[in-house]
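Novice: Residue numbers (our numbering): 148 to 459. Glycine residues also receive a C-beta, built at the ideal position from the N, C-alpha and C atoms. Provided herewith is a single structure, encoded as C-alpha cells, for subsequent inquiry.
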C-alpha cells in the first residue's frame, strides 16, 4: 500500500513539475499506471514522455512485486505450515469420543498403533518439532505444542474426548498434565506412565484413572510368559487386528438396549466371561439368567460379527 502511495506521489509531483495542473497530473498518472494511456501523452515534451515511460516501468515493477507477495502468501496459507496446521485443527475439531496421546515416543507410538488397529480416533500432542515428520508419515492427527497447556488440551478436544494417555518421559510433567486434564474434564479416563515407583501414588492423587510403569509391566509380562505362556498367547490372539475373535469390554449405559436383559439374551453368539457391577463387585462366570444394570461393565469373548450388534 505504501509503495502505491509513493508511486502516485511520484507521478503527480513529476507531471506538476513539467507544467501540468494538479487535476491533469493526477489524470495522467492514473492513465499511465493503469496502462490505459491518454491522447494527452502525445502532446508531452520529450522530457514528459521520458518521465511517463519511467512511471510506467515503475508501475509495472510494483504490480509484479505485489503479485509475487500475494502469491507467496496464498501458497503459504494453502500449502505452508500455517495452512497445514489449520487443516489439522479442522480435522481434530471433527473428532468425538476420541483419545488424546501426550508424547509420541516409543510408548506413545505403541499406543497409537493399538488404537489404529481398533479403529479408535486419537490426537497426538508433542512439543518436539522433529517428530512432526514422523507423525505426518504415520498420518496421525497431531499438535506440536505443550500438552500441559489448558489451551492446547482444549484444541485437542479434551471436553469431548473419551480418554487421555500420558506417555511423557518426565513423571513431573505427567503429573501436571493429569492435574490439568482432570480439571478440564472430570469424567475423562486418564492412563498415565510412571517411570519411578514413587510417582505412582502422585499420579493417582493427581487424578489418573490408571498408572502404568513400563518396567513393572515388562517384568510381569516376562513372568507370565515363563509361568503361563498359553494365557499370554490367548491375550495376544484376541488383540484387535490379529484375528476374527477378541476380548471386548462393554460398559452398560443408562440408555443401553441391553438393560434388564438376561445375559443369555444379551450375549447371543458371544461368551460372557465377567460382569463388574457399578459398585465394583465382580461376577466371574456370571449366571446366564442374571440381568444387566446401568454402570455395569461386561467382559465378553467372541468373533467380530457377533460382537458388533452388542457394541452398537
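1. Would you grab the beta carbon distance between residue 350 and residue 332 for me? Rounded to a whole angstrom, and I think it's under 8 angstroms.
2. My assumption, with CB atoms under 8 angstroms, is that residue 259 sits in contact with residue 269. Please give the rounded CB distance.
3. Within 10 angstroms of the Cβ of residue 245, are there 16 or more other Cβ atoms? Answer buried if so, exposed if not.
4. Assign residue 418 to buried or exposed, taking buried as 16 or more other Cβ atoms, counted over all protein chains shown, within 10 Å of its Cβ.
5. What are the boundary residues of the beta strand (DSSP E) that includes residue 336?
6. Kindly indicate which three-state DSSP category residue 267 falls into: helix, strand or coil?
7. From what residue to what residue does the beta strand (DSSP E) around residue 450 run?
8. What's the gap between the Cα of residue 402 and the Cα of residue 288?
9. Determine which residues share a DSSP beta bridge with residue 310 and list them.
10. Quick check on the burial criterion: 16 or more other C-beta atoms within 10 angstroms. Buried or exposed for residue 443?
11. For residue 437 and residue 422, what's the separation of their Cα atoms in angstroms?
12. Can you grab the Cα-Cα spacing for the pair residue 247 / residue 359, in whole Å?
13. Answer yes or no: do residue 308 and residue 335 have a C-beta to C-beta separation smaller than 8 angstroms?
14. Skipping 5 residues on each side, what residues in its chain have a beta carbon closer than 8 angstroms to that of residue 200?
15. What are the partner residues of residue 392, as DSSP defines its beta bridges?
16. DSSP has residue 288 in a bridge; who is on the other side?
17. Please list, in chain order, all residues of the same chain as residue 355 whose beta carbon is under 6 angstroms from its beta carbon, the five residues on each side excluded.
Specialist: On the basis of the coordinates in this document:
1. 17 angstroms between Cβ atoms; not a contact.
2. 6 angstroms
3. buried
4. exposed
5. 336-340
6. coil
7. 444-450
8. 31 angstroms
9. 246, 336
10. buried
11. 10 angstroms
12. 16 angstroms
13. yes
14. none
15. 450
16. 270
17. 325, 337, 339
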